[in-house]
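Residue numbers (this note's numbering): 128 to 579.
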């Protein structure tokens, strides 16, 4: 049987919702020590949404049949200038057992303290990373290992603490100054999916909804779940060109054909060219801005072709739903040029490149402090920021004439008042502590301790 692969956020489009290993969930980017010779950019891209920690015997891992990538546009033309590619390969050491690990997992390291083997781990995954700059491979390293998933107290926290197992999977790429980590981490994106997708419910504002309910605190849907992360820390000088602003997005590609055996059903091989099946830059764009009939197209498209989606930003459905479902909230009508700046061009004077071509990317000014929408910190509450943005708090326009829309973005908007600037899903923070050093993402929850 031959099948074709077509086509971010969490399960945001019909096709990718059935392919979690390829599903981009979040992209984060921030600069450390901006404006100094020690300046670095941290890039985090996550896959596998709402990953159950207790998912044995076949614990989640990156796909051997997928091509993962993080792209950089450093001149504003909506095309990738630098790309970091990742290919994974899984080795099953003992195929005659059903166990993920057949003993307590420990780690063997090289002279630099980097993992070269995880004794006790039966399903070991390695990967190759390549940096490609304007079509030329400028750095590469193979044989790096992902750490074991956090199985549980007996397997991954008896002889060697899990933090030590994971730390050994932090690698450097020669003298490039690049650090890389790939593996399981805690899901750190706070959002109340249960309420938001129940007719745009915001629990702290339940009594103001068209279908009122008692006011409640928000419920963080992602608490108790993990993701798989790729984390890079790169010297800023390696990423920028003439402009201090860069754009970032991540993608997943698959081969066009999957070939199965007629007899056993065992997947044998993949063939054909690579096809993009998932894409993510700015959070929640495909999830709540792009309509259902266009979501798969968005996942398969490239930023340079984003003009086809402009109308959904200029006149977002969410901007019509908020005043309907929350009577009394005044939201600007079209054209929403404030949202065009936030989502597609960057904000003038902050993170808009010169001669920018409108496209959906996470933009970062590398010469100033980071914070969404100038990049995205792990601690940024992007759900609240984006709900309030759609409600107009950055709109250069007047609530007395919402039909005139927004001339552009401003930080002195007349819409920046209650209730518009207070709208919230009531969720913030995380259930696991962030790390102060690389790779910054919280350690994953263990399967033994899962209570989902």
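Heads up, the beta-carbon is just placed ideally off N, CA and C, and yes, glycines get one too.
None of the values given here were measured: they were computed from a predicted structure.
- In the structure shown, residue 235 falls within a strand segment according to DSSP collapsed to helix, strand and coil.
- Taking each of 449, 268, 162 and 315 in turn and checking the Cα distance to residue 333, the smallest one comes out for 449.
- Scanning 214, 231, 566 and 318 for the CA closest to the CA of residue 254 turns up 214.
- Residue pairing by DSSP puts residue 168 in a beta bridge opposite 158 and 361.
- In the three-state scheme derived from DSSP, where H, G and I count as helix and E and B as strand, residue 334 is classed as helix.
- In this structure, the beta-carbon distance from residue 247 to residue 230 falls below 7 Å.
- Across the set 183, 335 and 477, the C-alpha of 335 shows the shortest separation from the C-alpha of residue 455.
- Just measuring C-alpha positions, the residue of 157, 146 and 150 sitting nearest residue 503 is 157.
- Between residue 331 and residue 553, the C-beta spacing is below 7 Å.
- For residue 217, the three-state secondary structure derived from DSSP is strand.
- In this chain, residue 306 is not harboured by any alpha helix (DSSP H); it is covered by the beta strand (DSSP E) spanning 306-313.
- If you draw a straight line from the Cα of residue 326 to the Cα of residue 320, it comes to about 11 Å.
- Between residue 408 and residue 488, the C-beta spacing is below 7 Å.
- Excluding the 5 residues flanking it on each side, residue 350 has same chain C-beta neighbours closer than 6 Å at 558, in chain order.
- Taken atom to atom, the span from the alpha-carbon of residue 233 to that of residue 323 is near 42 Å.
- DSSP links residue 355 through a beta bridge to 174 and 311.
- A buried status is given to residue 168, since no fewer than 16 other beta-carbon atoms sit within 10 Å of its beta-carbon.
- For residue 566, the secondary structure class from DSSP, reduced to helix, strand or coil, is coil.
- The stretch 465-485 and the stretch 142-162 do not touch, with fewer than 3 CB-CB distances between them shorter than 8 Å.
- Comparing alpha-carbon positions, the option among 530, 370, 457 and 376 lying closest to residue 492 turns out to be 370.
- Looking at 573, 183, 473 and 163, the one whose alpha-carbon comes closest to that of residue 499 is 473.
- Per DSSP, residue 576 is not a residue of any beta strand (DSSP E), being assigned neither H nor E.
- The beta-carbon separation of residue 172 and residue 377, rounded to 4 Å, stays under the 8 Å limit for a contact.
- Straight across, the Cα-Cα distance linking residue 380 with residue 527 is about 47 Å.
- In the three-state reduction of the DSSP assignment, residue 545 falls in the coil class.
- The DSSP assignment places 509-517 as complete runs of the alpha helix (DSSP H) inside the stretch 471-559, in order along the chain (cut-off: 4 residues).
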